[in-house]
Structures are given as C-alpha cells and as structure tokens.
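**Student:** In full-length UniProt numbering, the protein residues as written are 1 to 663. What follows is a structure written as structure tokens; I'll ask about it next.
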C-alpha cells in the first residue's frame with residue numbers, strides 16, 4: 001500500500017476534527033439570536049458537527065487499518081478479515097494504543113454532538129458545546145503522542161509544542177467554515193440588525209484569532225527548524241520540501257487574513273454595508289480555508305514520510321552557499337559585505353521614499369536593487385555542489401574505519417596524491433591539474449558528500465578517476481574518514497599538555513574498550529559523564545601505567561577515566577584498556593600526533609609515535625595532548641593533570657557531542 005491512502009485518511013480526520021473544535025468555539029463567541037435566519041444558521045452548523053464527528057471516526061479507523069497494512073505488508077481485505085492482526089497491532093504497539101484511545105474518544109464525541117441538535121434549552125446546549133469542544137480537543141492532544149517526535153528521546157520535548165500547534169490550527173482553521181456560512185447567509189437577505197450581529201461576532205473572533213495566529217506561527221517555526229537543520233534536509237528530502245510548502249502556504253494565509261481584517265471587517269462594520277462586501281469577505285475567507293486545508297494535507301503527508309534527519313538528502317541544485325569555504329578567498333569578504341550593505345541601503349532608501357511620499361516606481365526600484373544586491377552577495381559565497389553534497393555517511397567515524405581507509409588510500413590514491421598525501425605522487429605530473437595536497441583543510445572546505453561524489457565519479461577536469469567500480473560504498477566512506485583524520489592531524493599540531501579553555505573543536509574517533517571488569521564499552525559511552533585520559537604506552541612505560549593504576553580512585557572522583565591502549569595484557573591489567581584492536585586505535589590517533597616542531601616525514605602518512613597521551617573532555621573532544629618525546633612539561637605529576645581536568649569540569653556544554661559520522 002502506498003502512503004497516499006493513510007495521508008488522505010489523516011487529512012480528512014484532522015480537518016473534520018478541526019471543524020468541530022473551531023466551529024464550536026465560533027458558536028460560543030456568537031451571541032444567541034431569535035432571528036430566524038441566524039437561528040437556522042446556528043442549527044445547520046450544529047448538525048454539521050455530528051457529520052464531522054462521524055467522518056472523523058471513520059477516517060481515523062481507515063488510517064489505523066492502513067497503518068496496519070503498511071506495517072504487516074498485508075492487503076486491506078486480509079487485514080479486515082483477520083481481526084487478530086488488528087487486535088495485536090492495536091494493543092501491542094504504542095501507535096496502536098494511542099489510535100485506539102482516539103477511536104474510543106471519537107465514538108464518545110458523537111454523544112454531545114447529537115445532544116446539540118436536539119433543540120433543548122440554551123443552558124443544556126451550551127454545556128453540550130463545551131463538552132464537545134473539550135472532547136475534540138482531547139482527541140487532538142492525544143494525536144502527537146504517536147508522532148515522530150514522541151518516538152525519539154532527543155525530540156520528545158517537541159510533543160507539547162506539537163500539541164499547541166494542533167490546537168491553535170484547529171481553533172483557527174475550523175472556525176472558518178462557520179464564519180463563511182454566517183457571512184454568506186446574511187449577504188443573501190441583509191438587514192441592519194443582522195449586519196450588527198455579524199460584525200460583532202467577526203470582531204470577537206478576529207481578536208481571538210490573533211492569539212491563534214501567534215501560537216501557530218511560533219510553534220510551527222519551532223517544529224520546522226527542529227525537524228530540518230541543514231540546507232540538505234530542507235531542500236534535499238521530501239520531508240523538508242513539505243515543510244517549505246507548509247511555510248509558503250502559511251505565509252499566503254497570513255496575507256489573506258490580514259486583508260480580511262484590515263479591509264473587509266471595517267467595511268462590514270459600516271452602517272449600510274452592501275451585500276457585495278459580505279460576499280467578497282466570504283470569498284477571501286474561503287481562500288484562507290482552502291490554503292489551510294492544503295496545509296493540513298501537507299502535515300498529513302509529513303506523518304507518512306521519512307523524517308528529514310533520517311532520510312538521505314539528494315541535492316538538486318548545482319551550487320550551495322558556504323561562508324566557510326569562500327570567505328578566506330580574497331576578495332570574497334569585500335564583495336559579499338559590499339553587496340549586502342548595498343541591499344540594506346536600498347531597502348532603507350525605499351522605506352524613506354514610502355514614508356515621505358509613496359511613489360510606487362521608486363519603491364519598486366529600491367526593492368529590485370536590494371534583490372539584485374543580495375543575489376550578488378549570495379553568488380559570491382556560493383560553491384559547486386553535487387547530488388551527494390549532503391549525503392549522510394553510512395559508516396561511523398571510528399578507528400577501524402580510519403585504518404581501513406588508510407590502507408585503501410595507499411593502494412588506490414598514493415600514486416597521484418603521494419605516499420605522504422601531499423599531492424606529489426609519481427603520477428602527479430601526468431595529470432591536467434596537480435593533485436590536491438590532502439594535508440590542507442579539505443574536510444572543512446568540502447562536505448563529506450562532496451568527497452563521496454568525487455571518489456565515486458571522479459573529477460574529469462583534474463584527471464581524477466572514479467572508484468565506484470573499484471571500492472564499495474563502505475570502502476569509500478572509510479577513505480573519507482581517513483582523509484578527515486589526516487587533514488585534522490595537521491590542524492592539531494597546536495595541541496599541547498595545557499588545554500585552551502572553552503575551545504573544543506577536534507572530535508575523538510570512536511573505538512571499543514574493556515573496563516577493569518572485562519565489560520565491553522565504547523569511547524562515546526563516556527560522553528556527558530566523564531573525561532578520558534587515553535594513554536598509548538610502550539613496554540618501557542610500565543612505571544607510568546602503574547602510576548595511573550594507583551591513581552584510579554582519585555581520577556574517578558575528578559570525573560576522569562584512564563584508558564590504556566596496548567596489546568600487552570600484562571601491561572594493561574587492572575585498568576580500562578584496549579587490547580583487541582589496539583593497533584587500529586594507535587594508528588588512528590597517531591595521525592593526530594603531529595606537532596608544531598615535527599610535521600612528520602613527507603613521504604609517510606603516519607608519525608610512528610612511541611608514547612603519547614590524549615585528554616578527551618566529557619563531550620567527546622580532544623582538548624590536550626602530551627608527547628613525551630617533545631613536551632618537557634607534561635602530566636608526570638598527577639596534580640598537573642587533575643588541574644587540567646578541573647578546568648574541563650567547570651566548562652558547560654559549548655558544542656554538542658561530535659557526530660558519529662563525518663560531515
């Protein structure tokens with residue numbers, strides 16, 4: 001089954017529920033009237049609530065069956081015939097339990113809506129209206145509990161925001177049909193009494209709608225920017241494109257609503273207002289409602305597609321904007337800053353023209369100048385992009401991947417890029433353009449997706465071939481992980497035994513280890529908990545290892561774990577250690593051991609260090625490094641080490657923990 005049917009069911013269910021919530025609210029705002037036409041309008045609206053409640057019930061049931069069909073890969077007829085499948089899905093899954101609760105409340109909603117149309121006393125009808133509104137609102141509040149945000153620990157804080165968004169949209173959008181119905185009915189047979197009634201009702205709703213609009217816009221922006229955080233997620237995924245469509249439709253609705261509020265409401269409040277003004281206002285409100293229905297449709301589609309953060313973006317544009325990649329190149333700063341300054345001046349000039357004496361031609365010219373200036377500034381900070389520019393790596397940034405990438409680089413890339421990665425390989429002279437010097441910060445200037453595209457398809461102008469037929473996807477990501485570490489190693493030459501406070505930047509590659517009890521853990525398990533001292537000893541460093549072993553309790557009190565990386569079981573006994581995979585961990589961190597006085601052999605990728613130690617903060621960033629062969633003042637004295645750790649402990653979270661995949 002495609003996602004179209006469940007999206008359609010959800011859209012119908014949400015619109016029907018909004019019809020009830022907003023319609024009841026609008027009737028409560030409207031004063032009771034003995035006018036036959038107005039009384040007939042109220043009764044027709046009340047009858048529509050029963051129809052809307054029934055439609056909501058059947059649409060929700062259809063959505064539930066459709067989701068079961070998608071989850072079980074069964075046909076709808078098989079699902080309906082096999083009641084046991086519906087029962088198990090309904091009671092054994094979180095989504096099923098939430099949906100069953102909504103179905104039960106939807107069935108209950110039929111009771112107060114039926115009471116509304118019985119024609120009892122006004123007090124009973126008012127009570128039934130309130131019960132109807134609260135029941136429908138409760139159904140709306142339960143819905144987000146089964147959404148994408150509720151299913152992930154790091155996004156559950158968005159659930160209340162989503163609930164507020166749903167309620168505000170329902171109250172605003174759902175009131176529009178009753179609004180249109182009232183205005184259109186009065187326009188047919190207008191009287192002054194009816195005009196006053198309509199104007200007063202619409203004014204009360206308009207004042208309340210301002211609060212709904214603020215809630216919708218604020219909560220919508222929070223949800224949008226929490227769901228998609230990069231240009232690739234916004235433009236390169238179906239989820240992001242639907243969000244952009246929603247925001248564009250919301251902008252249209254706001255423009256229409258403002259036109260109704262500022263132009264048509266004042267006319268309707270004027271004595272002797274003509275029926276044409278009422279019909280025009282109803283027409284604009286119908287446009288507003290239609291755009292709202294499209295927004296609900298987009299929201300329903302969002303619930304059936306992969307969230308942007310989990311989807312694989314496909315970039316459709318031949319360029320992207322990047323300040324990091326373009327700003328260092330002269331004269332980009334001057335041109336870009338000048339273009340944006342000119343845009344601001346153009347807007348300021350246009351504003352002055354409009355304030356002093358509105359002149360449409362000059363205002364349009366100022367706006368055009370601003371647009372052209374902004375376009376020029378954006379073009380100056382644009383770089384070439386590819387379909388894979390925002391591709392998500394499928395291989396984690398780990399020491400195993402890095403060392404495998406190092407081996408693959410030596411086999412496939414060293415002939416051109418050189419055995420030391422400096423672009424001076426034996427085949428370099430045969431290429432149209434010199435190969436890149438990989439010690440430069442390419443991982444900052446280009447995305448991982450850019451490099452994946454080049455590795456897969458090559459760079460024809462430079463003579464670089466594609467390796468998609470030689471290396472599988474995992475192997476290509478291994479090479480990219482190695483290139484990241486290799487490049488960052490040259491930037492990490494500034495590291496020393498003393499940390500630079502409040503300046504984390506170098507993510508630590510992940511690896512597996514064993515604690516003193518033999519339990520397997522990962523380096524990333526220490527995040528948000530403890531700092532880590534990563535020690536690479538030689539056999540001659542037995543006294544240093546013994547010192548660390550004796551200091552373990554003291555270190556733990558300071559939120560510090562010492563981890564020994566050595567294949568020697570005797571040397572690492574009784575201390576958290578890396579024995580299996582120690583060579584991969586050593587080779588990876590060796591790439592990060594270059595110093596200001598020793599860049600390494602230009603013909604070798606590795607440094608070949610014997611003894612080195614890294615201090616990693618509790619958020620996963622390498623903050624300091626001690627190279628015994630070069631740094632006279634190191635961490636021989638545990639007091640000096642602990643003083644550095646205390647500085648780290650005083651820091652709050654500056655950056656989120658580094659991603660598990662290179663970006």
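Idealized CB from N, CA, C, for every residue including glycine. Computed from a predicted structure; not experimentally measured.
Tell me whether residue 74 sits in a helix, a strand or coil according to DSSP, three-state version.
**Tutor:** Counted from its first residue, the chain shown places residue 74 at position 74. Of the three classes helix, strand and coil, the one that applies to residue 74 here is coil, per DSSP.
**Student:** Identify which residue in 518, 607, 551 has its Cα closest to the Cα of residue 569.
**Tutor:** Translated into the one-based positions of the chain shown, residue 569 becomes position 569. Looking at the Cα atoms, 518 is the closest of the given residues.
**Student:** Relative to the C-alpha of residue 58, which candidate in 425, 6, 149, 585 has its C-alpha closest?
**Tutor:** Taking the first residue of the chain shown as position 1, residue 58 is located at position 58. Nearest of 425, 6, 149, 585 to residue 58, Cα basis: 6.
**Student:** Assign residue 389 to one of two classes, buried (16 or more other C-beta atoms within 10 Å of its C-beta) or exposed (fewer than that).
**Tutor:** The residue you call residue 389 lines up with position 389 of the chain shown. The residue in question, residue 389, is buried, as its Cβ has 16 or more Cβ neighbours within 10 Å.
**Student:** Taking DSSP as the reference, what is the three-state secondary structure of residue 569?
**Tutor:** Looking up residue 569 in the chain shown gives position 569. Coil, per DSSP.
**Student:** Let me know the beta strand (DSSP E) ranges lying completely inside the segment 534-601, each 3 residues or longer, listed in chain order.
**Tutor:** List check, beta strand (DSSP E) in window: 560-565.
**Student:** Terminal residues of the continuous beta strand (DSSP E) containing residue 520?
**Tutor:** Locating residue 520 in the chain shown gives position 520, counting from the first residue. Element bounds for residue 520: 520-522.
**Student:** Taking 8 Å as the threshold, find out whether the segment 189-198 comes into contact with the segment 267-274 through three or more Cβ pairs.
**Tutor:** Yes, the segment 189-198 is in contact with the segment 267-274.
**Student:** Would you call the segment 580-596 and the segment 605-617 in contact, with 3 or more CB pairs under 8 Å?
**Tutor:** Touching, per the Cβ criterion.
**Student:** Quick check on this structure: which residue in 455, 461, 110 has the alpha carbon closest to the alpha carbon of residue 433?
**Tutor:** Within the chain shown, the letter at position 433 stands for residue 433. Selected option, being the one with the closest Cα: 461.
**Student:** So, helix, strand or coil for residue 513, using DSSP?
**Tutor:** Sequence index remark: in the chain shown, residue 513 carries index 513 (1-based). In the structure shown, residue 513 sits in a strand (DSSP, three-state: E or B).
**Student:** Where residue 620 and residue 19 are concerned, what is the direct C-alpha to C-alpha distance, given to the nearest angstrom?
**Tutor:** The residue you call residue 620 lines up with position 620 of the chain shown. The residue you call residue 19 lines up with position 19 of the chain shown. Cα-Cα distance, rounded: 50 Å.
**Student:** Would you report the Cα separation of residue 249 and residue 165, rounded to the nearest angstrom?
**Tutor:** Position 249 of the chain shown holds residue 249. Position 165 of the chain shown holds residue 165. Straight-line Cα distance between these residues: approximately 16 Å.
**Student:** Under 8 Å by Cβ, that's how I've got residue 423 and residue 436 pegged, so tell me the actual separation to the nearest angstrom.
**Tutor:** Numbered from its first residue, the chain shown carries residue 423 at position 423. Numbered from its first residue, the chain shown carries residue 436 at position 436. That pair is a contact at about 6 Å.
**Student:** So, with DSSP's three-state summary, where would you put residue 166?
**Tutor:** Residue mapping note: residue 166 aligns to position 166 of the chain shown, counting from 1. Residue 166 falls in the helix class under three-state DSSP.
**Student:** Once DSSP output is grouped into helix, strand and coil, what is the label at residue 141?
**Tutor:** Here residue 141 corresponds to residue number 141 of the chain shown, with the count starting at 1. In this structure, residue 141 counts as helix in the three-state DSSP scheme.
**Student:** Helix, strand or coil for residue 640? Go by DSSP, reduced to three states.
**Tutor:** One-based indexing of the chain shown puts residue 640 at position 640. Three-state result, residue 640: helix.
**Student:** Can you tell me where the beta strand (DSSP E) with residue 615 in it begins and where it stops?
**Tutor:** Taking the first residue of the chain shown as position 1, residue 615 is located at position 615. That run of the beta strand (DSSP E) goes 612-616.
**Student:** Tell me, please, which residues DSSP counts as bridged to residue 320.
**Tutor:** As a working note, residue 320 is residue 320 in the chain shown. DSSP, once it has assigned bridges, lists 383 as partnering residue 320.
**Student:** Quickly, what does DSSP pair residue 625 with across the bridge? List them, please.
**Tutor:** Here residue 625 corresponds to residue number 625 of the chain shown, with the count starting at 1. Per DSSP, 614.
**Student:** Does residue 404 come out as helix, strand or coil in the three-state DSSP assignment?
**Tutor:** For this step, residue 404 is matched to residue 404 along the chain shown. In the structure shown, residue 404 sits in a helix (DSSP, three-state: H, G or I).
**Student:** Determine, for residue 233, whether the minimum Cβ-Cβ distance to residues of chain B falls below 7 Å.
**Tutor:** The structure shown has no chain B; it contains just one protein chain.
**Student:** Taking only three categories from DSSP, how would you classify residue 507?
**Tutor:** Position 507 of the chain shown, counted from the start, is the residue given in the question as residue 507. In this structure, residue 507 counts as strand in the three-state DSSP scheme.
**Student:** Could you spell out where the alpha helix (DSSP H) holding residue 220 opens and where it closes?
**Tutor:** Numbered from 1 along the chain shown, position 220 holds the residue referred to as residue 220. Start and end: 192-227.
**Student:** Are there 16 or more other CB atoms within 10 angstroms of the CB of residue 484, so buried, or fewer, so exposed?
**Tutor:** On the chain shown, residue 484 is found 484 positions in, with the first residue counted as 1. Buried: at least 16 other Cβ atoms inside 10 Å.
**Student:** With DSSP collapsed to three states, give me the class of residue 437.
**Tutor:** As a working note, residue 437 is residue 437 in the chain shown. Three-state result, residue 437: coil.
**Student:** Taking the continuous alpha helix (DSSP H) assigned at residue 10, which residues delimit it?
**Tutor:** Sequence index remark: in the chain shown, residue 10 carries index 10 (1-based). Residues 4-29.
**Student:** On the DSSP bridge assignment, give the partners of residue 464 in chain order.
**Tutor:** On the chain shown, position 464 is the one that residue 464 refers to. 459.
**Student:** Using CA atoms only, rank isn't needed, just tell me which of 317, 612, 207 is closest to residue 540.
**Tutor:** Position 540 of the chain shown holds residue 540. Answer by Cα proximity: 612.
**Student:** Assuming the contact rule is C-beta atoms closer than 8 Å, residue 308 and residue 219 should be a hit. Round their C-beta distance to whole Å, please.
**Tutor:** For the purposes of this step, residue 308 is taken as the residue at position 308 of the chain shown. For the purposes of this step, residue 219 is taken as the residue at position 219 of the chain shown. Not really, about 18 Å apart at Cβ, beyond 8 Å.
**Student:** If you scan the segment 214-297 from start to end, which runs of the alpha helix (DSSP H) of 4 or more residues do you find wholly inside it?
**Tutor:** Listed in chain order, the complete alpha helix (DSSP H) runs (minimum 4 residues) inside the segment 214-297 are 231-235, 238-259, 265-268.
**Student:** Using the beta-carbon count (16 or more within 10 Å), is residue 574 buried or exposed?
**Tutor:** Taking the chain shown and counting its residues from 1, the one referred to as residue 574 is at position 574. Burial call: exposed.
**Student:** For residue 188, which three-state DSSP category applies?
**Tutor:** Here residue 188 refers to the residue found at position 188 of the chain shown. If DSSP states are grouped into helix, strand and coil, residue 188 belongs with the helices.
**Student:** Considering only residues of the same chain and omitting the five flanking positions on each side of residue 463, which have a CB-CB separation below 6 Å?
**Tutor:** Position 463 of the chain shown, counted from the start, is the residue given in the question as residue 463. Answer for residue 463: 431, 432, listed in chain order.
**Student:** Please report the distance separating the alpha-carbon of residue 454 from that of residue 493.
**Tutor:** Looking up residue 454 in the chain shown gives position 454. Looking up residue 493 in the chain shown gives position 493. Going by the C-alpha atoms only, they are around 28 Å apart.
**Student:** Assuming residue 277 and residue 264 form a contact by the criterion Cβ under 8 Å, report the distance between their Cβ atoms to the nearest whole angstrom.
**Tutor:** Stepping through the chain shown from its first residue, residue 277 is reached at position 277. Stepping through the chain shown from its first residue, residue 264 is reached at position 264. Sure, about 7 Å apart at Cβ, within 8 Å.
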